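>
Structure (structure tokens):
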């Protein structure tokens, strides 16, 4: 750890006194050089933070000193202070804790963008969620219920499946490959899901695509399962199905208006009590390396945080 000077917010920036930094799979992947976008070094990990506004730069009018906020930045979060573009900073509802705010924006924005924009999920459709006890999987379960989906949550342990049910999944399934398609078919009443939300893309990737009902949409969220799988394109033709990518980093860069609308909608749901982001394991600031290991392993439910200050 190093002691850099406290940054000064430039024009259009907000200086935040960091309370907590979310630490999930992608955060750890970027920090270890395994992500498709390689940041320049030296690099401070951590993309998603919560805290209190310390100062604002010129032309900033959406927040002010003392506001409780969440923010996104491609790096810089594992620090006591960070300066972030104002458009990436949001005041949080009174009912939301700072630890919750540190695990919210990316996972829930990914889920809403994937389900509403990319899959165009309709009420009554059946949706299979992989990694359903993880941070983004939990977001998909909660948002899928709000949008009216029938949800089958896939998770590797009994504890994780119980956690997914507590978040709103109507049905759960294990991830043991032997006989998995038959078990899924039985859960789905002889058919299959029309939407697959897949942040894992692991050993069951092809089995899930083959199991979709006609006109299915398989959302590729990430590759927590390890090696990137391949798929014979004739399967898309035979199933009338689509393989659809979901990249929230580019959404925020290329579609700021849509991003703004989605974040407003998500925070409204929080204020109404319809969304409640669970916080995973909490790590002390000096244990940031263990937090990254936890993020890569996917060993526990929810997204972990690193507590930067006593505010969290």
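Residue numbers (the working numbering): 121 to 432.
Don't be surprised by glycine CBs; every beta carbon is placed ideally from N, CA and C.
Owing to the predicted nature of the structure, the values given are computational and were not obtained by experimental measurement.
Quick one: Cα of residue 260 to Cα of residue 423, how far?
Using only the alpha carbons, I get a separation of about 13 Å.
> With a cut-off of 8 Å, do at least 3 Cβ pairs link the segment 216–228 to the segment 238–250?
Judged by Cβ distances under 8 Å, the segment 216–228 makes no contact with the segment 238–250, as fewer than three pairs qualify.
> I believe residue 371 touches residue 378 by the beta-carbon criterion, under 8 Å. Please report the beta-carbon distance rounded to the nearest angstrom.
Going by Cβ atoms, the distance from residue 371 to residue 378 rounds to 7 Å, so yes, they are a contact pair.
> Based on DSSP bridge pairs, tell me the residues matched to residue 337.
BP columns for residue 337 point to 315, 362.
> Nearest-angstrom Cα distance between residue 185 and residue 173?
Their backbone Cα atoms lie some 5 Å apart in a straight line.
> Is residue 336 near residue 315, with beta carbons less than 8 Å apart?
Yes, the Cβ-Cβ distance between residue 336 and residue 315 is below 8 Å.
> Under 8 Å between the Cβ atoms of residue 308 and residue 348?
Not in contact: residue 308 and residue 348 (Cβ atoms no closer than 8 Å).
> Taking three-plus beta-carbon pairs below 8 Å as touching, is the segment 271–286 in contact with the segment 355–366?
Touching, no, given that fewer than three Cβ pairs across the two stretches are closer than 8 Å.
> Counting only the same chain and skipping the five closest in sequence on each side, list residues whose C-beta sits under 8 Å from that of residue 136.
Answer for residue 136: 169, 171, 172, 173, 174, 189, 191, 201, 202, 203, 204, 209, listed in chain order.
> In the structure shown, what three-state DSSP assignment does residue 133 receive?
Reduced to three states, the DSSP call for residue 133 is strand.
> Can we say the segment 227–234 touches the segment 154–165, given the rule of at least three CB pairs closer than 8 Å?
Not touching, per the Cβ criterion.
> Excluding sequence positions up to five away, which residues of its chain have a Cβ less than 7 Å from the Cβ of residue 431?
So the qualifying residues of the chain are 139, 171, 172, 218.
> Using C-beta distances below 6 Å, list every residue in its chain close to residue 397, excluding the 5 sequence neighbours before and after it, in chain order.
Within the same chain, residue 397 has close Cβ partners 220, 223, 224.
> Measuring CA to CA, which of 164, 181, 146, 126 is closest to residue 132?
Taking only the C-alpha atoms, the option nearest residue 132 is 181.
> How far does the beta strand (DSSP E) with residue 403 in it extend, from its first residue to its last?
Element bounds for residue 403: 399–404.
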